[in-house]
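Following: one structure in structure tokens, then a few remarks.
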Amino acid sequence: MERPSRRQLLYGGGAAGGVAAAGAFGWLDFLPFLGPEPADQPEIGPVPADANLLIQADGEALRNDEGLRSVVSAGIDARTGDGQDPSDVAGLFAATAEGWGLDPSAITRATIFARIERATLGESMVGAVVEADWDPDGIAAAIDATVYATTDREIAGVTVHGVDGTGTEIAALGDGRFALGVTGAVEGVLAITEAEVDRLSGDLLSALGQAPESQVRFAAAMSPLTDGLATLLPFDDELIRDQLLSDLEYLHGTVYADGDRRGIDVSVRAGDDRAAEDFALQVKATRSIFAQQAPETAALPDAVNSITVEQDGDRVDVSFSGSVGRLTELAPPVVEWLLGTGGVVVPTEAES
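Just so you know, we're using the numbering used here here: the sequence shown kicks off at 2 and counts up by one.
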């Protein structure tokens, strides 16, 4: 029997599915930025070559952005509720510093990386290389002054502090840089600094380079993310779902500030123009379903409907924008909506 075309499969499955990240990014704003030509690979520090997700953040820009702080603070307050601490960004920083002994507000720049394992999430590696105004000789003492204790080990002449009971490690790299993470992340970074292994290069790094430097930019290989996406795509036919997801290659995007507006732009690269067109149809269908399911509070359905979805060749751009005031108004109901659904809003098939 002749195999049905992708388009027949998609339409046969009805309006459903897409990427839940478009809804999760709803507090922020998007700016189209990706051109057809691949960008140069950016400098990101010693990131292990097997990482398949990158997030690069300008800590100073984020910390000094009063507009973004007001939006995030509104979301934090909605999350904790009833006047409990932390109720804003400052309180969250203070609580983190008290709990871990290291002040996150001292971070000026961070590159967060991960290796997401499709079959065994528990074995996934997550880490970061950060530039921070921390005392490299006082890390263990700072952590030991909290409810945690540290156990040290040495790798290539560098002292690695393990936070007991958490699986987290941290090490000073020199020049105000630190490596921290779980599941071999710090060990992977130190292996690079000792020139024992190669650092990350190739397509993922090029994808990150296609996003302009901003408050936050990110990139991910889509293949290891497809299992997670599959749980959010309510397809009755696995062939429909798997054929769609297998055509996706990379995701990249940026978070930025533009005057009174804040934004995020997410772009997904597909294997060809046809795959991108089909994926755009699914994202638009998901947007419609979210809009139908969203509570009327703060006109959330209108906000969901304002998310733009555009196809340009083999790329799909998903965008949302809003003023600081509007996003601050939206933050609490978005958080409450997510909390009311267990943290993830899963679209169900809309009535025709």
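Just so you know, even glycine gets a beta-carbon here, dropped at the ideal spot from N, CA and C. None of these values were measured; they are calculated from a predicted model.
Assuming residue i and residue j form a contact by the criterion Cβ under 8 angstroms, report the distance between their Cβ atoms to the nearest whole angstrom.
i: Val127; j: Ala115; result: 5 angstroms
i: Pro49; j: Val190; result: 7 angstroms
i: Ala143; j: Gly102; result: 4 angstroms
i: Val187; j: Ile171; result: 7 angstroms
i: Ser268; j: Val317; result: 7 angstroms
Determine which residues share a DSSP beta bridge with residue i and list them.
i: Asp318; result: Ser268, Glu311
i: Arg262; result: Asp259, Ser324
i: Gly175; result: Arg178
i: Ile56; result: Ile113, Phe219
i: Glu170; result: Gly163, Gly182
i: Ala200; result: The residue you asked about is not Ala; residue 200 is Arg in the sequence shown. Pro49, per the DSSP bridge assignment.
Rounded to whole angstroms, what is the Cα-Cα separation between residue i and residue j?
i: Pro225; j: Leu205; result: 13 angstroms
i: Ser322; j: Asp261; result: 11 angstroms
i: Val325; j: Val335; result: 15 angstroms
i: Thr329; j: Ser74; result: 8 angstroms
i: Arg218; j: Asp66; result: 16 angstroms
i: Val90; j: Asp273; result: 42 angstroms
i: Ile45; j: Thr112; result: 7 angstroms
i: Gly341; j: Leu301; result: 15 angstroms
i: Thr169; j: Arg275; result: 43 angstroms
i: Thr81; j: Gly92; result: 11 angstroms
Could you tell me the boundaries of the beta strand (DSSP E) in which residue i lies?
i: Glu61; result: No beta strand (DSSP E) contains Glu61, which is instead part of the alpha helix (DSSP H) from 60-65.
i: Thr112; result: 108-116
i: Thr160; result: 159-164
i: Gly254; result: 249-259
i: Ile156; result: 151-156
i: Ala141; result: Counting along the chain, Ala141 falls outside any beta strand (DSSP E), though it belongs to the alpha helix (DSSP H) covering 140-145.
i: Ala128; result: Looking at the sequence itself, residue 128 is Gly, so the reference to Ala does not match. It spans 126-133 - the beta strand (DSSP E) in which Gly128 sits, taken as one unbroken run.
Taking the alpha helix (DSSP H) that residue i falls in, what are its first and last residues?
i: Val336; result: 325-341
i: Gly100; result: 90-101
i: Val284; result: 274-294
i: Ala356; result: No answer is possible for residue 356: it lies beyond the span of the chain, which begins at 2 and ends at 353.
i: Asp86; result: No alpha helix (DSSP H) holds Asp86; DSSP gives it neither H nor E.
i: Val305; result: 301-306
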